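Trainee:
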Ligand SMILES: [Zn+2]
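Numbering (my numbering), first residue to last: 397 to 652.
1) Quick check: residue 436 and residue 522, are their CB atoms within less than 8 Å of each other?
2) Using the beta-carbon of each residue, find all residues closer than 6 Å to any heavy atom of ligand 1 and list them in chain order.
3) Return the chain-ordered list of same chain residues with a C-beta closer than 8 Å to the C-beta of residue 466, the five sequence neighbours on each side being excluded.
4) Going by DSSP, which residues form a beta bridge with residue 410?
5) In whole angstroms, what is the alpha-carbon distance linking residue 419 and residue 547?
6) Any idea what DSSP makes of residue 606, helix, strand or coil?
7) Which residue from 454, 568, 405, 530 puts its Cα closest to that of residue 443?
8) When the Cα atoms are used, what is the spatial distance from residue 468 to residue 462?
9) Quick one: what's residue 472 bridged to in DSSP?
10) Within its chain, find whatever has a CB closer than 7 Å to the CB of residue 563; leave out the 5 residues flanking it on each side and keep chain order.
11) Between the C-alpha atoms of residue 471 and residue 514, what's the straight-line distance to the nearest angstrom?
12) If contacts are defined as beta-carbon pairs under 8 Å, then residue 591 and residue 572 qualify, I think. What distance do you get, rounded to the angstrom?
13) On the DSSP bridge assignment, give the partners of residue 467 in chain order.
14) Determine the closest residue to residue 455 out of 433, 434, 482, with distance taken between C-alpha atoms.
15) Under a three-way DSSP split, which group does residue 616 fall into?
16) Mapping the DSSP letters down to three states, classify residue 485 as helix, strand or coil.
17) Taking only the alpha-carbon atoms, compute the straight-line gap between residue 580 and residue 608 and give it to the nearest angstrom.
18) Three-state secondary structure (DSSP) at residue 499?
19) From residue 597 to residue 412, what does the alpha carbon distance come to, in whole angstroms?
20) Could you check whether the region 420-431 touches the region 537-552, counting it as contact only if at least three pairs of C-beta atoms, one from each stretch, sit closer than 8 Å?
21) Starting from residue 575, follow the alpha helix (DSSP H) in both directions and report where the run begins and ends.
22) Whole-angstrom Cβ separation of residue 601 and residue 554, contact assumed at under 8 Å?
23) Which one of 473, 561, 421 has the shortest CA to CA distance from residue 458?
24) Judging by CA-CA distance, which residue of 490, 593, 402 is the nearest neighbour of residue 566?
25) Measuring only the C-alpha atoms, how far is residue 518 from residue 525?
26) Counting along the chain, where does the alpha helix (DSSP H) carrying residue 438 start and finish?
27) May I ask you to report which of helix, strand or coil DSSP gives residue 504?
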């Protein structure tokens, strides 16, 4: 994070701007539409706060939020394992963009929005695009987490992650090749990012699953509370069991 510039601290969460963000200023059309581009990234920031503040409701803090040219990243201090919680946190981001779009729609009046153009109408469309793009059911988009949360209880978290990551890689590959053929280099970079992020998410979750299943020798770092120990009950299922103190071995005395 040391590379990034701190923009400020909101709701107790530091917000950073990554230096590569300046690259978007070089894109054609951006300099002329700077207010709109900045407003869009304001909406991206609100999207990330949607995730962060929902996570907080479930006791998960956010280390920081960083804005990149391809979007924002909220770094949660831990990943929710309960599918219902993961679902709510994932949906909260796109829900913010839908709420902004709905608010703009009400402000502008539905009739005047269609084909109106102009700043507010463009911002409205951008928020709809942001919500739709993020709901693509593939990692690292929010839709990938939604897909995992929905599949997880059925096929298991590891398999659900691999599936969502495979969808992400396939879409990224198709999008990347298409963009390369059309010489859209920014889109090629976005595709490469999505491809790598999908793999990183999968590796992280699979490593976590292996740890939990006790397959990593010595990798068990979850310590049992005092008086309890982990016992294996087969098929990678572990249970906390109270440590049985043998009365004859105890030094409390008085029993014999
Ligand atoms: Zn999101």
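Beta carbons are placed, not taken as given, at the ideal position from N, Cα and C, and that holds for glycine.
Computed from a predicted structure; not experimentally measured.
Mentor: To lay it out plainly:
1) yes
2) 443, 447, 489, 530, 538
3) The beta carbon of residue 466 lies closer than 8 Å to those of 585, 586, 589 in the same chain, with the five residues before and after it left out.
4) In the DSSP assignment, the residues bridged to residue 410 are 405, 460.
5) 37 Å
6) helix
7) 530
8) 6 Å
9) Beta-bridge partners of residue 472 (DSSP): 458.
10) 533, 534
11) 34 Å
12) 7 Å
13) 464
14) 482
15) Only weak support exists for where residue 616 lies, its pLDDT of 44 falling under 50; the value from the coordinates is given anyway. Residue 616 carries a coil assignment under DSSP once its states are collapsed to helix, strand and coil.
16) helix
17) 42 Å
18) The answer is helix: DSSP assigns residue 499 an H, G or I state.
19) 22 Å
20) Taking 8 Å as the limit for Cβ pairs, the verdict is that the region 537-552 does not touch the region 420-431.
21) 553-577
22) 7 Å
23) Closest by C-alpha distance to residue 458, out of 473, 561, 421, is 473.
24) 593
25) 10 Å
26) 430-453
27) helix
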